[in-house]
Amino acid sequence: MSTLASTRTRSSLHNATRINRSLTASIEKRALQWLAVRAPLWVTSDRLTLLGLAAQIACGALFALARFRRDLLYGVVICLALNWLGDSLDGTLARVRRIERPRYGFYVDHMVDVFGSVAMMLGLGFSGFLHFPVAMAMLLAFLILAAESYLATYTLSSFQLSQGLFGPTEIRIVLAIGTLALLRSPYATLFGHRVLLFDFGGAIAAAIMLAMAVSVTLRHTAQLYREEPLPRTRA
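Note that our numbering has the sequence shown beginning at 4, numbered continuously upward.
See below:
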């Protein structure tokens with residue numbers, strides 16, 4: 004990477020506006036600030052990031068194993084809470100302690116999200132609670148939406164933490180509720196037909212994420228087109 008590109012990247016990440024309009028954004032921010040101020044010194048951002056990754060991988064493993072022992076789904080809910088703690092608190096802790104490393108933190112945090120999401124979706128795919136193609140559709144839609152978010156952070160200095168009223172925390176809450184519902188029955192009735200609950204929810208989630216990705220891509224493309232018009236050339 005050239006010096007100019009490196010400088011631009013550093014500037015983009017330093018100046019990127021963090022946008023979070025999710026339902027829980029306000030209360031979550033206060034809770035994370037409270038935890039970060041009181042966290043002991045042995046709790047570091049890197050350790051929290053590893054906790055988040057380990058918890059998400061554990062979610063995938065527990066989903067897969069719950070095919071044989073459904074009570075392991077309680078462990079999924081606990082791991083979702085630990086994933087929230089590690090994934091959400093690491094950045095806040097760094098900001099509170101004034102030890103931010105914008106490029107390192109951005110890169111590591113989001114690569115961890117990608118690997119963790121792959122692990123969870125594979126676990127869901129092997130769980131028997133939904134069909135494997137539905138799990139892969141959710142993963143694909145998530146990766147497309149994530150890629151758009153990362154590119155927007157670099158090109159527009161705008162880091163979108165949520166899409167509309169939904170962000171990662173809301174998704175975890177919905178997934179936890181759905182997971183507890185599986186303990187009662189993995190099926191739902193739709194228009195008189197018996198379908199897997201997670202097939203129904205997963206298909207809707209994949210469609211919404213893909214629609215969001217297309218909508219945001221079109222909006223950001225139009226914005227960049229206006230901000231960088233074609234240069235005028237001499238006749």
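Every residue, glycine too, gets a C-beta built ideally from N, C-alpha and C.
Span of the alpha helix (DSSP H), counted from its first residue to its last, around residue i
i: leucine 76; result: 76 to 99
i: phenylalanine 162; result: First-last for phenylalanine 162: 161 to 163, but that is the beta strand (DSSP E), not the alpha helix (DSSP H).
i: proline 105; result: 105 to 128
i: arginine 50; result: 48 to 68
i: glutamate 231; result: Careful: glutamate 231 lies outside any alpha helix (DSSP H) and carries neither H nor E.
i: arginine 72; result: Looking at the DSSP string, arginine 72 is not in any alpha helix (DSSP H), and its letter there is neither H nor E.
i: serine 3; result: Residue 3 lies beyond the residue range present for the chain, which begins at 4 and ends at 238; the question has no answer from this structure.
Reference residue i; option with closest CA among the options
i: glycine 167; options: Leu44, Arg229, Trp45, Ala216; result: Ala216
i: tryptophan 87; options: Glu103, Val115, Arg73; result: Val115
i: leucine 44; options: Val99, Thr20, Leu56; result: Val99
i: alanine 149; options: Tyr228, Ser165, Leu75; result: Ser165
i: glutamine 59; options: Arg72, Phe71, Val80, Arg41; result: Val80
i: alanine 209; options: Cys82, Leu125, Met139; result: Met139
i: arginine 21; options: Ile180, Thr156, Ala191, Ile30; result: Thr156
i: phenylalanine 71; options: Ala191, Leu186, Arg235, Ile211; result: Leu186
i: asparagine 23; options: Ala191, Gly170, Ile180, Arg235; result: Gly170
i: valine 198; options: Phe132, Leu38, Ala64; result: Phe132
i: alanine 64; options: Lys32, Ala39, Gly128; result: Gly128
Distance, residue j Cα to residue i Cα
i: arginine 222; j: glycine 204; result: 27 Å
i: serine 5; j: serine 130; result: For serine 5, the pLDDT reaches just 45, beneath the cut-off of 50, and the residue's location in the model is therefore unreliable, although a value from the coordinates is still provided. One C-alpha to the other measures close to 46 Å.
i: phenylalanine 267; j: leucine 193; result: No statement about residue 267 is possible, as the shown extent of the chain runs from 4 to 238 and does not include it.
i: leucine 154; j: glycine 78; result: 35 Å
i: isoleucine 207; j: leucine 26; result: 19 Å
i: alanine 225; j: proline 232; result: 11 Å
i: valine 219; j: phenylalanine 162; result: 13 Å
i: arginine 175; j: alanine 69; result: 18 Å
i: threonine 182; j: leucine 146; result: 22 Å
i: arginine 101; j: leucine 227; result: 33 Å
i: glutamine 36; j: leucine 96; result: 8 Å
i: leucine 7; j: glutamate 230; result: Any answer about leucine 7 is weak, because its pLDDT of 43 lies below 50 and its placement is not dependable; what the coordinates show is given next. When rounded, the distance between both Cα atoms is 20 Å.
i: arginine 50; j: alanine 34; result: 19 Å
i: glutamate 173; j: leucine 75; result: 22 Å
i: arginine 235; j: arginine 106; result: 35 Å
i: arginine 104; j: valine 117; result: 20 Å
i: arginine 41; j: alanine 84; result: 19 Å
i: aspartate 202; j: arginine 73; result: 17 Å
i: isoleucine 30; j: isoleucine 180; result: 20 Å
i: threonine 158; j: serine 152; result: 10 Å
i: histidine 113; j: alanine 57; result: 14 Å
i: proline 160; j: alanine 191; result: Rather than proline, the amino acid found at residue 160 in this sequence is serine. So the alpha carbons of these two residues sit roughly 43 Å apart.
For residue i, the residue or residues it bridges with in DSSP
i: histidine 196; result: Leu193
i: arginine 21; result: Phe162
i: phenylalanine 169; result: Gln166
Neighbour flag for residue i against chain C, beta carbons, 8 Å
i: aspartate 112; result: Within the model displayed, chain C is absent; a lone protein chain is all it includes.
Beta-carbon proximity of residue i to residue j, cut-off 8 Å
i: alanine 144; j: leucine 213; result: yes
i: valine 189; j: leucine 178; result: Note on residue identity: the sequence assigns proline, not valine, to residue 189. No, the pair does not count as a contact, with Cβ atoms beyond the cut-off.
i: threonine 47; j: valine 111; result: no
i: glycine 55; j: glycine 89; result: yes
i: cysteine 62; j: glycine 126; result: yes
i: leucine 142; j: serine 120; result: yes
Residue i beta carbon near the ligand SAH (any heavy atom closer than 7 Å)
i: leucine 96; result: Ligands displayed in this structure: none; no statement on the ligand SAH is therefore possible.
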